[in-house]
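Engineer: Here you go, one structure.
Structure, rendered in structure tokens:
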């Protein structure tokens with residue numbers, strides 16, 4: 333399986349070798365990534381005041397106090413180690429941008445430092461959805477050496493160095509034979525040591541583990557070695573016996589401090605949970621208020637629309653009623669004009685008839701007069717002729 337993997341890696345490196353060879357021969361290189369394959373990554377700076385040096389972390393709420401340094405347009409497969417150069421080239425000219433910085437990554441509830449070895453493993457796509465909530469990366473001012481060892485300011489936290497030992501002490505927690513520190517179980521039965529006179533110091537039932545100082549461990553190892561001097565054993569045991577009550581009291585004090593610190597942390601956790609629950613309740617109440625306001629606005633808008641629609645219908649009805657009245661008035665006026673015209677026509681016809689009758693009467697009267705005159709002239713003419721005839725004939729005229 334290893335050999336095919338090596339062959340695949342060699343095949344993957346082949347295009348890069350060909351590209352570099354072409355660049356050395358003077359040809360145009362095409363190793364520049366396509367701009368359509370680049371992605372944006374927002375760069376934030378976490379202030380040092382929110383970084384907890386003792387715990388080597390920052391809570392995710394510290395993102396709210398982050399300072400924006402801009403964004404970079406890089407390939408999603410770029411490693412964080414190479415991204416450092418791009419960020420320095422783009423943001424290094426800003427006055428507020430730190431000269432040295434450390435990459436941070438949100439894991440769980442807190443932000444933690446990215447180790448130098450991890451910078452060669454993580455890529456830009458590890459800081460983009462769906463692996464993160466948003467395409468953004470956080471920086472912390474300083475170097476890894478500045479945060480390598482920070483002395484604990486709290487007594488409760490500093491006690492862990494006493495109980496669990498300092499990790500910088502390479503092998504000081506082991507005796508000369510390379511064995512682990514001395515443990516006394518709770519059911520440890522004291523038995524007389526060489527000579528049958530001396531006993532190990534009594535242990536508290538609550539203290540199941542006790543660490544001797546380096547000198548005490550060396551004396552105890554030397555004391556338990558085969559062939560040790562019987563005369564030196566009482567002196568070493570007396571030293572250990574004198575040291576143990578003081579160390580036990582110190583251990584109890586440290587345990588009490590740890591207990592108080594745990595209680596304080598528990599109180600802080602409860603306060604944070606209460607604050608979160610209160611903020612969630614406030615957010616829910618604000619959301620309900622916004623929803624109620626939106627519903628009221630929607631209801632008011634609907635009422636306004638209904639009122640406007642009713643007003644529009646009323647105006648349309650009034651307009652239709654006015655139009656109907658106007659049409660009725662026009663029809664009545666037209667009817668009146670028609671009746672007047674009919675009456676006028678009837679009057680004209682009557683006048684014409686009267687005029688025709690009068691003309692006819694006048695014409696008939698004039699004809700009667702003319703006939704009478706004609707008859708008179710005819711009668712007078714006839715009587716003249718008759719008289720002339722009678723005169724000629726000597727006959728009397730008879731009427």
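Residue numbers (this note's numbering): 333 to 731. Using N, Cα and C, we set each Cβ at its ideal position, and we do this for glycine too. Note that the structure is predicted; figures quoted are calculated from it, not measured.
#1: Residues in its own chain within less than 8 Å of residue 476 by CB, not counting five upstream and five downstream?
#2: Alpha carbons only, please: which of 406, 669 and 604 is nearest the one belonging to residue 455?
#3: How is residue 464 classed by DSSP in three states: helix, strand or coil?
#4: What's the gap between the Cα of residue 693 and the Cα of residue 675?
#5: If you reduce the DSSP assignment to three classes, tell me which class residue 426 lands in.
#6: In this structure, how does DSSP classify residue 432 when only helix, strand and coil are distinguished?
#7: Would residue 371 pass as an interface residue toward chain B - the criterion being a Cβ-Cβ separation below 8 Å?
#8: Tell me whether residue 605, by its Cβ, gets closer than 7 Å to a heavy atom of the ligand NAP.
#9: Assign residue 429 to buried or exposed, taking buried as 16 or more other Cβ atoms, counted over all protein chains shown, within 10 Å of its Cβ.
#10: Out of 390, 388 and 421, which one is the CA nearest neighbour of residue 401?
#11: Which whole-angstrom value is the C-beta distance of residue 378 and residue 471, which I expect to be below 8 Å?
#12: By the 10 Å Cβ neighbour count, where 16 or more other Cβ atoms means buried, how is residue 427 classified, buried or exposed?
#13: Starting from residue 445 and walking both ways along the alpha helix (DSSP H), at which residues does that stretch end?
#14: For residue 661 and residue 623, I'd like the C-alpha separation in whole angstroms.
#15: How would you write the range of the beta strand (DSSP E) that residue 402 sits in, first residue to last?
#16: Can you list, in chain order, the residues of its chain whose CB lies under 6 Å from that of residue 408, leaving out five sequence neighbours each side?
#17: Can you tell me the Cα-Cα spacing of residue 403 and residue 604, whole angstroms?
#18: Just curious, the alpha helix (DSSP H) that residue 453 is in, first and last residue?
#19: Take the Cβ of residue 469 as the centre, count every other Cβ of all protein chains shown within 10 Å, and call the residue buried at 16 or more, exposed below.
#20: Quick check: residue 391 and residue 441, are their CB atoms within less than 8 Å of each other?
#21: Exposed or buried, residue 642, counting other C-beta atoms within 10 Å across all chains shown (16 or more means buried)?
#22: Hey, residue 443 and residue 373 are a contact pair by Cβ (cut 8 Å); roughly how many whole angstroms apart?
#23: Under the three-state reduction of DSSP, which class applies to residue 390: helix, strand or coil?
#24: For a test of the three-state rule: what should DSSP assign to residue 373, helix, strand or coil?
#25: Run the CB neighbour count on residue 459, radius 10 Å, all protein chains shown included, and call it buried at 16 or more, exposed below.
#26: Going by CA-CA distance only, name the one from 425, 414 and 679 that's closest to residue 450.
#27: Rounded to whole angstroms, what's the CA-CA distance from residue 632 to residue 645? Just pull it up for me.
#28: Work out the CA separation of residue 480 and residue 583 for me, nearest whole Å.
#29: Quick one: grab the DSSP three-state call for residue 618.
#30: For residue 600, count neighbouring Cβ atoms within 10 angstroms of its own Cβ and tell me buried if that reaches 16, exposed if not.
Structural biologist: Short version:
#1: 434, 445, 447 and 448
#2: Looking only at 406, 669 and 604, the smallest Cα-Cα distance to residue 455 is reached by 406.
#3: coil
#4: 26 Å
#5: coil
#6: coil
#7: Absent here is chain B; the protein component of the structure consists of one chain.
#8: This structure lacks the ligand NAP, and indeed carries no ligand of any kind.
#9: buried
#10: Of the listed residues, the one whose Cα sits closest to residue 401 is 421.
#11: About 7 Å separates the CB atoms of residue 378 and residue 471; that is less than 8 Å, so the two are in contact.
#12: exposed
#13: Taken as a continuous stretch (DSSP letters only), residue 445 belongs to no alpha helix (DSSP H), being part of the beta strand (DSSP E) at 442-445.
#14: 56 Å
#15: 399-406
#16: 371, 456 and 457
#17: 32 Å
#18: From DSSP, residue 453 is part of no alpha helix (DSSP H); its letter is neither H nor E.
#19: buried
#20: Yes, the Cβ-Cβ distance between residue 391 and residue 441 is below 8 Å.
#21: exposed
#22: That pair is no contact at about 16 Å.
#23: strand
#24: strand
#25: buried
#26: Minimum Cα distance to residue 450 is reached at 414.
#27: 20 Å
#28: 27 Å
#29: helix
#30: exposed
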